[in-house]
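Before any comments, here is the structure.
Okay, structure coming up:
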């Protein structure tokens, strides 16, 4: 059902590039058997305008946002280069065509940032090339395997640091392979991006924001991000915030090393941010009560962890590809966590749009009737906050090895395991908050019901996405252990008696895998629980009428 007709796809690109007349293109349009699938898949993304109110900002602040958006658009273009080798050539070829079919394909190429479907197993849906997206995207030679990489590094140990860097691409040369820093590989665009940041800094009246933008421009030019990450954590009394540069490694499915360019331009919602004090004040209590061997528990979850609610003015690059995120926990550098903590940003306008269009409708279909009244927007946004807080919990370095990061040991398994951890530990923290008297039983019930509906929201992203894979593991585990009950009619219930016991059990497994840097255990967990089973597929089928995600555009007024 999900396999595209490879012959039709090849015919499309050949026809598309070589057609010399409208008649030839029209003939192709009539033959295009793949069009119906693409049209249906576009419908899975609900067109949504995301707005941020900037009416209370000064002229200078609005100018900062305008320039940050321009910088973000450059970051966006770099990600087009990074994602797949032919993403830009296919996009630009489609733009040149006057064909109606080309316009439809272009819509879907723009959603996916290339010719591979982010939800449906990274399958190619247009153009001639590998039928499945190369795991290494355009970060590595397309024919390079994981074993090729590891063998070359073992045989040439002097290249290890450059090859495993988060900020290099790998290319072939006459000696075998070479690493090229991002600031050299994308030199022209890097310089353009940095100049926009510097220009934005000239309009920034907030001293800490000005300092950060200047340091970020320097970092973009050098691929040395530690100093600017610290400055980002030191932002104070700022109405505007921005995440920009190479951030997450999800697109590197080969080894999980290489980070993708993205940009998030944000306007703070100060009133909503002030309401997050309860989470900030209890982070160390959450750390102390993690459900695994006490020897792994740190004295503190990190200094200066900050929570903020923001409205998004612009998403670009990796953050805009396919399914859109609703929150972020950054920076990813464990050194920054130790020195300054981390910043958790909740994207209010994105969360509200997704809850209204996706989460509530899902819950009204898959939950048993008595649970549907508990589906709740406040519970959804609070759980997203706990998810981000929980990224800070547990170990960033392998136990007993202070210089070995968990990410380096778990490699390509790290991303989905970390997302799974943030969810399941966040859910565990609901039980901790209840035990501490911070929330009541009604709040707990609303969170559990909304959580189960939310699992299906993310599973529908596809198991190629870290969030989708992480949620599959949670759903399969909780169902297998009887914490989530599958009724005869296919609806889902919750076993309140054992629910948090099972949640704690899974949280403990994941936290231990990370603490030990146990790659094999991560592989086994994915093998046992990271699959779309028949019972899950049947529920997904019931949700066809509900958007999988949003196709977003942005404005700020």
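In this note's numbering, the protein residues as written are 10 to 566.
Even for Gly, the Cβ is constructed at its ideal location relative to N, Cα and C.
Please name the residue in 175, 280, 371, 384 whose C-alpha comes closest to that of residue 459. If we check each option's Cα against that of residue 459, 384 comes out closest.
Run through the DSSP bridge pairs and tell me what residue 339 is partnered with. DSSP lists 352 as partners of residue 339.
Scan the stretch 133-179 and note each continuous alpha helix (DSSP H) run of 4 residues or more that stays entirely inside, going in chain order. Counting only runs of 4 or more, we get 155-164, 169-172.
Beta-carbon contacts of residue 343 that lie in its chain and below 8 Å, excluding the five residues immediately before and after: Excluding sequence neighbours, residue 343 sits near 405, 406, 414.
Residue 489: CB within 6 Å of a non-hydrogen atom of the ligand PLP: This structure simply doesn't include the ligand PLP, nor any ligand for that matter.
Best match in 140, 259, 175, 50 for proximity to residue 554 [C-alpha to C-alpha]: For the set 140, 259, 175, 50, the Cα lying nearest the Cα of residue 554 is the one of 50.
Per the contact definition of three or more C-beta pairs closer than 8 Å, is the stretch 345-352 in contact with the stretch 319-334? Segments in contact, no.
Beta-carbon separation of residue 376 and residue 433 under 7 Å? Residue 433 sits away from residue 376, with the two beta carbons spaced by 7 Å or more.
Would a C-beta distance cut-off of 7 Å place residue 353 and residue 316 closer than the cut-off? Yes.
Residue 136 classed as buried or exposed, judged by whether at least 16 other C-beta atoms fall within 10 angstroms: So residue 136 ends up on the buried side.
Residue 284 versus residue 324 - alpha carbon distance: Those two C-alpha atoms are separated by around 25 Å.
In the DSSP assignment, find the unbroken beta strand (DSSP E) run with residue 564 in it and report its ends. In the DSSP annotation of this structure, the continuous segment of the beta strand (DSSP E) that includes residue 564 starts and ends at 558-565.
For residue 48, which option in 288, 84, 64, 115 has the closest C-alpha, if you only look at C-alpha atoms? Ranking the options by Cα distance to residue 48, first place goes to 115.
Taking residue 123 as the reference, give the member of 133, 96, 142, 131 with the closest Cα. Taking only the C-alpha atoms, the option nearest residue 123 is 96.
Look at the alpha carbon of residue 93 and the alpha carbon of residue 133, and state the distance between them as a whole number of angstroms. In this structure, the alpha-carbon of residue 93 lies about 11 Å from that of residue 133.
With respect to the alpha helix (DSSP H) encompassing residue 441, which residues constitute its N-terminal and C-terminal limits? Its alpha helix (DSSP H) spans residues 423-444.
For residue 367 and residue 129, I'd like the C-alpha separation in whole angstroms. For residue 367 and residue 129, the distance between alpha carbons rounds to 19 Å.
Does the distance from the C-beta atom of residue 313 to that of residue 277 stay below 7 Å? Their beta carbons are not under 7 Å apart, which means residue 313 does not touch residue 277 by this criterion.
Mind reading off the beta-carbon distance from residue 230 to residue 254? Whole number of angstroms is fine, and I expect it under 8 Å. That belief does not hold up - the Cβ atoms of residue 230 and residue 254 are roughly 11 Å apart, past 8 Å.
Which word fits residue 494, buried or exposed, when buried means at least 16 other C-beta atoms lie within 10 angstroms of its C-beta? Residue 494 comes out exposed.
Spell out the partners DSSP gives residue 317 in its beta bridges. Looking at the DSSP assignment, residue 317 forms a beta bridge with 354.
Quick one: any contact between the stretch 500-520 and the stretch 428-445, if contact means 3 or more CB pairs under 8 Å? They touch, by the three-pair rule.
Beta carbon of residue 340 nearer than 7 Å to that of residue 261: The answer is no: Cβ separation not under 7 Å.
Taking C-alpha atoms, which residue in 386, 372, 478 lies nearest to residue 423? Checked all of 386, 372, 478; the closest Cα to residue 423 is 478.
C-alpha gap between residue 80 and residue 299, whole angstroms: Per the coordinates, the alpha-carbon of residue 80 lies some 40 Å from the alpha-carbon of residue 299.
DSSP on residue 8, reduced to helix/strand/coil? Only positions 10 to 566 of the chain appear in this structure, which leaves residue 8 out of reach.
If you follow the alpha helix (DSSP H) that residue 507 is part of, which residue opens it and which one closes it? Membership of residue 507 in any alpha helix (DSSP H) is not indicated, and neither H nor E is assigned to it by DSSP.
Is the CB-CB distance between residue 372 and residue 462 below 7 Å? Against a cut-off of 7 Å, the Cβ pair of residue 462 and residue 372 comes out as a contact.
Select from 162, 177, 111 the residue whose C-alpha is nearest the C-alpha of residue 91. The option with the nearest alpha carbon to residue 91 is 177.
Answer with buried or exposed for residue 556, where buried requires no fewer than 16 other C-beta atoms within 10 angstroms of its C-beta. Residue 556 comes out buried.
Buried or exposed (CB count within 10 angstroms, at least 16 for buried), residue 566: Label assigned to residue 566: exposed.
By the 10 Å Cβ neighbour count, where 16 or more other Cβ atoms means buried, how is residue 166 classified, buried or exposed? By the C-beta density criterion, residue 166 is exposed, having fewer than 16 other C-beta atoms within 10 angstroms.
In this structure, how does DSSP classify residue 251 when only helix, strand and coil are distinguished? When DSSP states are grouped into helix, strand and coil, residue 251 belongs to the strand group.
Residue 406 in three-state terms, based on DSSP: It is a strand residue.
Using only CA atoms, which one of 363, 228, 435 lies nearest to residue 296? Out of 363, 228, 435, 435 has the C-alpha closest to the C-alpha of residue 296.
Residue 519, DSSP secondary structure in three states: If DSSP states are grouped into helix, strand and coil, residue 519 belongs with the helices.
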